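Letter by letter, the sequence shown follows residues 1 to 678 of the UniProt record's numbering.
We treat Cβ as the ideally placed atom computed from N, Cα and C, and that holds for glycine.
No experiment lies behind these values; they were computed from the predicted model shown.
Below you'll find the structure, written out as structure tokens, and then a few comments.
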Amino acid sequence: MSSLITKQKSILAVAITSVLGAWSGHVCSADLGPITDLTESVTINQGDRVYSASGSAIDITSGGDSKYDITNNGIVQSDSAAAIRITGAKAGDIVNYGQVIGGMVNGEQIALDTRGSENGIAYVMQGGSETSGNLYLNPDKYGSEIAVKGSTAAIFDAVLVSGAREFKVGQESTLTLRPQNESIVMDMQADGKVRLSNKSTLNIELNGELADDEAALKVNGGFELDTGASADLVVRGNVQDVAGTQRLIEADSITGYGDLEVTGGWLLTVDSHQLLTNADGDQYIEAEISYNGEASAEDLAQMAIAGGADTTESQVLESFGNIALGGTEISSDVITFTSENSEELANLLNGVSNDQEAARLAGELTPDRSGAIIHAIHRSQNHQLDHIDKRLSVYRNGQEGGFWLNMYGYQGEKDVNGRIDGYEVSGLSASFGMDKNYSENMIVGAAFSINRQDIDTQIYSTNYIVDDYQMSLYGSLNKDQYFTTLVVNAGYSSFVSARTVGENIGYSGNTKAEGDFSAMNIALRMNSGVNYEFGRFSVQPLVAAELNHLKISDYEETGSIASLSYDDQSVSQIKLGGGLNVSTKIELDSATLSPSLMVMGWYDFNADDEQIDAYVLADETTQLDIDTVSGASKERYELQAALDYHMSRKGKLGVALGHQVEHDYIDTKLQLQYQYSF
Numbered sequence: 001m002s003s004l005i006t007k008q009k010s011i012l013a014v015a016i017t018s019v020l021g022a023w024s025g026h027v028c029s030a031d032l033g034p035i036t037d038l039t040e041s042v043t044i045n046q047g048d049r050v051y052s053a054s055g056s057a058i059d060i061t062s063g064g065d066s067k068y069d070i071t072n073n074g075i076v077q078s079d080s081a082a083a084i085r086i087t088g089a090k091a092g093d094i095v096n097y098g099q100v101i102g103g104m105v106n107g108e109q110i111a112l113d114t115r116g117s118e119n120g121i122a123y124v125m126q127g128g129s130e131t132s133g134n135l136y137l138n139p140d141k142y143g144s145e146i147a148v149k150g151s152t153a154a155i156f157d158a159v160l161v162s163g164a165r166e167f168k169v170g171q172e173s174t175l176t177l178r179p180q181n182e183s184i185v186m187d188m189q190a191d192g193k194v195r196l197s198n199k200s201t202l203n204i205e206l207n208g209e210l211a212d213d214e215a216a217l218k219v220n221g222g223f224e225l226d227t228g229a230s231a232d233l234v235v236r237g238n239v240q241d242v243a244g245t246q247r248l249i250e251a252d253s254i255t256g257y258g259d260l261e262v263t264g265g266w267l268l269t270v271d272s273h274q275l276l277t278n279a280d281g282d283q284y285i286e287a288e289i290s291y292n293g294e295a296s297a298e299d300l301a302q303m304a305i306a307g308g309a310d311t312t313e314s315q316v317l318e319s320f321g322n323i324a325l326g327g328t329e330i331s332s333d334v335i336t337f338t339s340e341n342s343e344e345l346a347n348l349l350n351g352v353s354n355d356q357e358a359a360r361l362a363g364e365l366t367p368d369r370s371g372a373i374i375h376a377i378h379r380s381q382n383h384q385l386d387h388i389d390k391r392l393s394v395y396r397n398g399q400e401g402g403f404w405l406n407m408y409g410y411q412g413e414k415d416v417n418g419r420i421d422g423y424e425v426s427g428l429s430a431s432f433g434m435d436k437n438y439s440e441n442m443i444v445g446a447a448f449s450i451n452r453q454d455i456d457t458q459i460y461s462t463n464y465i466v467d468d469y470q471m472s473l474y475g476s477l478n479k480d481q482y483f484t485t486l487v488v489n490a491g492y493s494s495f496v497s498a499r500t501v502g503e504n505i506g507y508s509g510n511t512k513a514e515g516d517f518s519a520m521n522i523a524l525r526m527n528s529g530v531n532y533e534f535g536r537f538s539v540q541p542l543v544a545a546e547l548n549h550l551k552i553s554d555y556e557e558t559g560s561i562a563s564l565s566y567d568d569q570s571v572s573q574i575k576l577g578g579g580l581n582v583s584t585k586i587e588l589d590s591a592t593l594s595p596s597l598m599v600m601g602w603y604d605f606n607a608d609d610e611q612i613d614a615y616v617l618a619d620e621t622t623q624l625d626i627d628t629v630s631g632a633s634k635e636r637y638e639l640q641a642a643l644d645y646h647m648s649r650k651g652k653l654g655v656a657l658g659h660q661v662e663h664d665y666i667d668t669k670l671q672l673q674y675q676y677s678f
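Here it is, written out as structure tokens:
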């Protein structure tokens, strides 16, 4: 017997190790070697980095085909060469959703070099992407183009674009040009042009380093708006470096100037702008910029409301605005801040140039109200308790004590509710336990589970990685056909969070507010019912009660100037449940199958919206009372269908499919299970 138990424990250890290995692949990024072949379309996943210290990270020198695209969702980086080089070969579009970071070549940072390509290649900068380094395209190929797509700002941080036939900022798309110490030059093909499509936005950031006759953007070619289009030219940069006369754009010719709206941010006013011609016949746009002495935090809040923000979000934005303006002295040509934090917050908030951007930033500054943190803890706890309930229901059908193992994965989604964010969650877990019969009518046992969840909010780009551990003691008493079970559970959760602030508007500072915090939970669940036998079928009506409590502690972010700290947060549930478990056995020639179906519903008498008391770390005297966070749902329904295969008298394997529904939330779970009876 002891050798058999040892063998079964070895199986358990291997299974748990496998789950942990799967977790590692599930959430961890990878450093990948250079890509040198293009025999099919290539996609670099989010979190992955293609890197080379001595050459190009993507270096295609032969073969390839114009139908093979390169799509980057992660990082493409080189230290000493162009990050992406294509020469003597063909390629399709190069689409960047992530970061392309060029290496230094003779003192010049180069992100892309397709001068030697055999076809015209388009480089697409998607919203939220960042390109660091100059772009060289093949000047002799018609298809050499650059396109910007997406309302979230795509960032270009370099001084040269060369060889493009067209550089197009697409409809309702946004491009941010990071400030440089020299003009950003776009050296186009003959008759090439930079085009702004309808409702597009070009953000030009300034740093005060350019001479009076130097333009922030110089186009060797045409600069034009599409026919009938209107577009925005927004002046940004370090607030203290922007006031005065600024030459924004210079080109061989500028078409559509009358439909171009030139604006500043919250603290900047474009007093006037005009289209002029220099001695060489080139045209340029010059603007007179001053500081807005009438700027107020209330203005920001009203802009956010006009853009769709709710009262909570607008109040949060106003609070940050008050920190930025606290003690700040503003005249038309000078602005003086009382602290570095005030200045950095002013630079963040100055990125707001319209109502929609104000509403978006207000949502990003507001603590996450999706309830994702609370739900993650409840989710792991519910899975643990549900597995034990299912285990004890099997015992009531005649299974002896032993040990058991569940490995499962699940996908879930909580809907967006107005301005309250939703989220998507994926999880991998393993739970295992051991129990023993102490009498004909009593069994006691212990169980442990390890869980990992990856949660992404749907609107405001917040991510949580949750490592969770639950431990339970349980027991069951039977008398004739009646039974009662009791489970005592305690758990610990470790969270790593990343909240994105300001990236959508092209803020040049740190856009990640990163948190590292923990939570503890306890629960008591009692389940009672009666077992009816109808031929081969066992039917068990169930009633249940549960008390649980959780506490979230030590939430404090770092990184972003908008980082927050939360007071400890506690949530309790008082739940009653009812359901039905139906099972049977099917005897086959060579095996026994046991299908089962469990339906359960729960009602939480204590469910209510919860409150987050947050503090702005840039000024800890500023408190944010967020009382509209979505807490626990009042009702929860779950359905699980399972099929067990009896390998022998003592062991069996099973598979189960579960479905859970709460208010605005739904998930599906696939579970593999193993049980061995002593």
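How many whole angstroms separate the CB atoms of residue i and residue j, which I take to be in contact at a CB cut-off of 8 Å?
i	j	result
Gly658	Leu639	7 Å
Leu275	Ala295	The Cβ separation is near 28 Å, so there is no contact.
Ala147	Gly120	About 13 Å separates the two Cβ atoms, so there is no contact after all.
Ser151	Ser117	Actually they do not touch by this definition, with Cβ atoms about 30 Å apart.
Phe605	Gly402	About 36 Å; that fails the 8 Å criterion.
Gly258	Ala229	11 Å between Cβ atoms; not a contact.
Gly163	Pro139	4 Å
Glu546	Leu524	7 Å
residue 694	Ala513	Any question about residue 694 goes unanswered here, given that the chain covers just 1 to 678.
Drop a sphere of 10 angstroms on the beta-carbon of residue i, count the other beta-carbons inside from all chains shown, and report buried for 16 or more, exposed for fewer.
i	result
Gly25	Per-residue confidence for Gly25 stands at a pLDDT of 41, beneath the threshold of 50, marking its modelled position as unreliable; no derived number is given.
Ser3	With a pLDDT of 43 at Ser3, under the threshold of 50, the predicted position of this residue should be treated as unreliable, though the coordinate-derived value follows. That one is exposed.
Gln283	buried
residue 679	Missing from the structure shown is residue 679; the chain here goes from 1 to 678 and no further.
Asp435	buried
residue 709	Here the chain covers residues 1 to 678 and nothing more, so residue 709 does not appear.
Val14	Annotation note: pLDDT 43 at Val14 (below 50); position unreliable, no value reported.
Ile586	exposed
Phe534	exposed
Gly265	buried
Ser200	buried
Lys7	Low confidence applies here, because Lys7 scores a pLDDT of 42, under 50, leaving its location unreliable; read the following figure in that light. By the 10 Å Cβ count, Lys7 comes out exposed.
Tyr423	buried
Thr485	buried
Val543	exposed
Asn417	exposed
Trp23	Reliability of the predicted coordinates at Trp23 is poor, the pLDDT of 46 falling under 50, and the value obtained from them is presented with this limitation in mind. Buried is the call here.
Leu597	exposed
Looking at the unbroken beta strand (DSSP E) that takes in residue i, where does it start and where does it end?
i	result
Asp435	423 to 439
residue 679	Not covered by the structure: residue 679. The range shown for the chain is 1 to 678.
Asn527	512 to 530
Ala607	Note, Ala607: premise wrong, no beta strand (DSSP E); not H, not E.
Leu670	665 to 677
Met407	402 to 414
Ala544	537 to 553
Leu300	Taken as a continuous stretch (DSSP letters only), Leu300 belongs to no beta strand (DSSP E), being part of the alpha helix (DSSP H) at 297 to 306.
In the DSSP assignment, the alpha helix (DSSP H) including residue i goes from what residue to what residue?
i	result
Asp355	355 to 365
Leu317	311 to 325
Leu617	Here Leu617 belongs to no alpha helix (DSSP H), and DSSP marks it neither H nor E.
Leu348	340 to 349
Ile155	Segment 154 to 157 is the beta strand (DSSP E) holding Ile155; no alpha helix (DSSP H) there.
Going by the CB atoms, is the gap between residue j and residue i shorter than 7 Å?
i	j	result
Asn207	Arg360	no
Gly127	Ala154	yes
Ala83	Ala111	yes
Gln411	Ser431	no
Tyr492	Tyr464	no
Asn510	Gly475	no
Tyr123	Ile94	yes
Thr131	Val100	yes
Gly92	Ser56	no
Ile323	Ala618	yes
Thr263	Val234	yes
Ala562	Leu385	no
**Request:** Report yes or no: do the segment 294 to 311 and the segment 346 to 360 share at least 3 C-beta pairs separated by less than 8 Å?
**Result:** yes
**Message:** Three or more C-beta pairs under 8 Å: does that hold for the segment 235 to 247 against the segment 185 to 192?
**Reply:** no
**Asked** Is the segment 194 to 203 in contact with the segment 159 to 175, if contact means three or more CB pairs nearer than 8 Å?
**Response** yes
**Request:** May I ask you to verify whether the segment 377 to 391 touches the segment 333 to 341, counting CB pairs closer than 8 Å and requiring at least 3?
**Result:** no
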